[in-house]
Amino acid sequence: MRRAPALFLAFLAGACDAAAVPSALTDVQVPARLRSGSPLVVSGSGLGGAQLEVRSAAGNARIAIESSDVDGDDPEKAQVALPDVAWPEGSAVREICLIGKGFSGWNTCRSLQARFTRAVTAGPALLGQDHGQHGGAITVVAHDLLLPGEGQVELQVTTDLPNTASVTSVAVATALATGRESGQVQIAPDWLGLAPGPYALRLRLVQHTAIAQATGPWSPPLTFQLEAPTLTPTPDPGLRRGARVPLAIAGVPAGWQLLASGVLRGQDGQIAQTFPVDAPLSLPAASLGAQPTAWLPSPWFLGTLAPLLAQTGPGATFEGQVRVALAQGAQTWLGPPLPVQWPLLPTVQVVVLELGDGLEAGAARFGLAAFSDLLRLRVLALVAAHFANYAVQVTLQAPAAQIEALHLAILDRDPNDLGLLGADSSAGKDDGNLVLDEHLGGYDAASAALGSVAYGGVFLGGFFGFSPTLHPGSLATDSAFDALFAPYAAELGGHAAHASLPPAAALEALAHLIAHTATHEIGHALGLAAGTTDFHHAGDHPGWIMDAGTARPFAERAALPGATPQTWGPVDDAYLRSVLPAVP
141 MRRAPALFLA
151 FLAGACDAAA
161 VPSALTDVQV
171 PARLRSGSPL
181 VVSGSGLGGA
191 QLEVRSAAGN
201 ARIAIESSDV
211 DGDDPEKAQV
221 ALPDVAWPEG
231 SAVREICLIG
241 KGFSGWNTCR
251 SLQARFTRAV
261 TAGPALLGQD
271 HGQHGGAITV
281 VAHDLLLPGE
291 GQVELQVTTD
301 LPNTASVTSV
311 AVATALATGR
321 ESGQVQIAPD
331 WLGLAPGPYA
341 LRLRLVQHTA
351 IAQATGPWSP
361 PLTFQLEAPT
371 LTPTPDPGLR
381 RGARVPLAIA
391 GVPAGWQLLA
401 SGVLRGQDGQ
411 IAQTFPVDAP
421 LSLPAASLGA
431 QPTAWLPSPW
441 FLGTLAPLLA
451 QTGPGATFEG
461 QVRVALAQGA
471 QTWLGPPLPV
481 QWPLLPTVQV
491 VVLELGDGLE
501 AGAARFGLAA
511 FSDLLRLRVL
521 ALVAAHFANY
531 AVQVTLQAPA
541 AQIEALHLAI
551 LDRDPNDLGL
561 LGADSSAGKD
571 DGNLVLDEHL
581 GGYDAASAAL
591 GSVAYGGVFL
601 GGFFGFSPTL
611 HPGSLATDSA
621 FDALFAPYAA
631 ELGGHAAHAS
641 LPPAAALEAL
651 AHLIAHTATH
661 EIGHALGLAA
671 GTTDFHHAGD
681 HPGWIMDAGT
691 ARPFAERAAL
701 PGATPQTWGP
711 VDDAYLRSVL
721 PAVP
């Protein structure tokens with residue numbers, strides 16, 4: 141059979157590519173008045189790696205489109221900006237064309253009705269509504285507003301006479317989708333102060349581009365009603381240390397506090413603690429989706445509620461009222477009280493196991509990459525079983541709500557270059573589990589400053605320290621390690637296990653190695669070992685999870701047949717039951 145010329149084959153390949161991804165512009169969105177930097181949105185196919193050509197009566201402008209989106213797929217929609225062009229004022233822009241990737245038959249165009257301008261104007265500006273709360277978005281109505289990429293738009297606001305020193309400038313956000321006639325600003329305390337009520341505002345627009353600026357006229361006085369911040373109960377079940385307060389809060393600027401008064405009542409109905417009038421809870425504002433909520437960090441509960449939870453037991457309640465306090469300089473404002481009755485819930489320590497790329501890379505070192513999903517599920521199950529009798533929730537996903545959590549990274553090597561199996565990089569010993577939101581992974585500057593390890597987590601590469609082949613003469617080695625992993629680990633001369641032949645014994649041993657080390661490091665983060673100022677128990681207690689590394693041999697860590705099962709020492713079990721009692 142005769143072979144086709146190489147040039148012909150190359151042409152066929154290009155033609156096939158063109159047929160596979162036909163080039164087309166199905167939709168074009170551009171402003172009717174174009175400026176340098178104006179956003180242009182095109183939809184279609186064959187966009188990746190192509191160019192757009194904007195054609196005007198005064199000349200053409202080329203714009204490159206990125207070759208692919210974040211997933212590596214050919215984009216079906218792209219936004220680009222009109223480059224800086226020297227077209228005359230008022231030039232007609234007639235069409236926009238897609239220029240293909242080396243194949244002349246791909247050109248496709250869409251007609252436009254637009255004109256180019258360099259002029260910058262700033263006419264009168266008005267607010268689209270006459271009321272709103274701090275932090276809320278409000279519409280600004282004007283004419284010929286600059287769009288993203290063209291320049292900056294500011295709204296100047298004053299409650300005094302125009303041209304005085306008390307003028308506040310706020311950024312106006314615009315978008316191609318809403319056009320040049322409206323934008324949005326955020327209502328800020330700097331406009332009006334803190335106190336709700338009616339205000340007389342004056343506004344003017346200022347627009348800036350790289351080559352020009354325009355300032356509009358002051359508006360006549362406009363009446364604007366600043367609405368009070370609001371507290372609304374949410375369906376959350378009650379107060380839990382490290383979790384959100386069951387309140388939705390709106391219209392609250394920076395510098396606010398949640399004030400409380402009332403009593404803490406135990407399950408027996410007796411008052412265990414009285415909160416004085418307007419005791420500040422000092423809550424930071426946190427945004428959960430579109431609705432701001434309050435969030436109680438651990439320290440507030442530790443100082444007031446945590447000890448009482450252990451005394452009163454389940455069923456304790458906080459009964460009283462809460463209200464918002466705003467302060468800015470010498471100005472303060474107190475909101476009306478809201479009656480509340482919240483059950484107090486026991487602390488739950490959320491633990492997030494980060495079993496992602498680090499686990500994948502570590503499994504590959506052992507030649508078990510084909511089974512990383514099985515490893516992930518088995519490690520999760522084993523760690524969860526270690527904490528089954530305590531208020532510890534072990535998960536692979538970070539909580540969706542604003543909840544403090546302990547994050548533990550699983551990595552393929554020790555970033556500290558110390559050959560460790562794992563490390564708790566948090567500074568000091570957290571006796572009593574006073575901190576719920578530790579992150580054992582990534583660089584910890586505070587720990588490094590104290591001379592401790594700077595990186596925390598579980599380090600799979602450290603397990604190779606048990607190999608007598610790699611570390612002959614070491615007292616920590618065990619021939620069982622090589623027997624299990626040498627057939628598959630490249631570092632031991634093995635070949636990666638095939639997906640169709642899972643090595644059950646090696647997988648189970650590696651899962652126990654990871655889970656046992658993870659549980660040990662989580663124990664450190666919870667304040668263990670208990671009953672000692674040291675981080676580990678002195679001596680060797682077979683099977684105790686919080687013994688020092690030299691007292692935890694390979695067979696015990698890997699749960700090999702005949703080895704002592706892993707367990708919490710009695711003193712550690714009592715500690716965990718006191719700080720994290722099982723949730724009924």
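Numbered according to the numbering used here, the sequence shown spans residues 141 to 724.
We treat Cβ as the ideally placed atom computed from N, Cα and C, and that holds for glycine.
These figures come from a predicted structure and were not determined experimentally.
Please tell me whether, using a cut-off of 7 Å, the distance from the CB of residue i to the nearest non-hydrogen atom of the ligand SAM is below it.
i           : result
residue 498 : Only the bare structure without any ligand can be found here, which leaves the ligand SAM out of the picture.
Below 7 Å CB to CB, which residues in the same chain sit around residue i once its five sequence neighbours on both sides are set aside?
i           : result
residue 683 : 696, 704, 705, 706, 707
residue 409 : none
residue 540 : none
residue 680 : 687, 691
Alpha carbon to alpha carbon, how far is residue i from residue j?
i           : j           : result
residue 667 : residue 216 : 53 Å
residue 585 : residue 534 : 26 Å
residue 468 : residue 474 : 12 Å
residue 721 : residue 458 : 20 Å
residue 175 : residue 222 : 7 Å
residue 350 : residue 322 : 22 Å
residue 537 : residue 618 : 35 Å
residue 376 : residue 479 : 16 Å
residue 252 : residue 180 : 12 Å
residue 628 : residue 635 : 4 Å
residue 294 : residue 282 : 12 Å
residue 651 : residue 600 : 11 Å
residue 593 : residue 670 : 21 Å
residue 483 : residue 386 : 11 Å
residue 496 : residue 266 : 51 Å
residue 324 : residue 578 : 38 Å
residue 715 : residue 571 : 10 Å
With burial defined as no fewer than 16 other Cβ atoms inside 10 Å of the residue's Cβ, what is the status of residue i: buried or exposed?
i           : result
residue 639 : exposed
residue 675 : exposed
residue 381 : buried
residue 615 : exposed
residue 687 : buried
residue 558 : exposed
residue 455 : exposed
residue 607 : buried
residue 347 : buried
residue 306 : exposed
residue 718 : exposed
With DSSP as the reference, label residue i as helix, strand or coil.
i           : result
residue 327 : coil
residue 430 : Per-residue confidence for residue 430 stands at a pLDDT of 43, beneath the threshold of 50, marking its modelled position as unreliable; no derived number is given.
residue 415 : strand
residue 530 : coil
residue 715 : helix
residue 619 : helix
residue 274 : coil
residue 657 : helix
residue 386 : strand
residue 650 : helix
residue 664 : helix
residue 258 : coil
residue 185 : strand
residue 364 : strand
residue 601 : helix
residue 378 : coil
residue 687 : strand
residue 167 : strand
residue 179 : strand
Only counting the same chain, and skipping five residues up and downstream in sequence, which positions put a Cβ closer than 6 Å to that of residue i?
i           : result
residue 197 : 231, 232
residue 248 : 163, 164, 165, 238
residue 195 : 234, 235
residue 488 : 531, 533
residue 528 : none
residue 462 : 398, 400, 478, 480
In chain order, what residues of the same chain lie with their CB nearer than 8 Å to the CB of residue i, ignoring the 5 residues before and after it?
i           : result
residue 661 : 548, 562, 563, 564, 580, 596, 597, 598
residue 672 : 678
So, under 8 Å CB-CB, residue i and residue j are touching, yes? Tell me the CB distance rounded to an integer number of Å.
i           : j           : result
residue 420 : residue 399 : 6 Å
residue 297 : residue 314 : At roughly 17 Å, the Cβ-Cβ gap does not stay under 8 Å, so residue 297 and residue 314 are not in contact.
residue 259 : residue 355 : At roughly 14 Å, the Cβ-Cβ gap does not stay under 8 Å, so residue 259 and residue 355 are not in contact.
residue 522 : residue 383 : With a Cβ gap of about 27 Å, residue 522 and residue 383 do not count as contacting.
residue 504 : residue 723 : At roughly 38 Å, the Cβ-Cβ gap does not stay under 8 Å, so residue 504 and residue 723 are not in contact.
residue 183 : residue 167 : 4 Å
residue 519 : residue 658 : 7 Å
residue 328 : residue 310 : 6 Å
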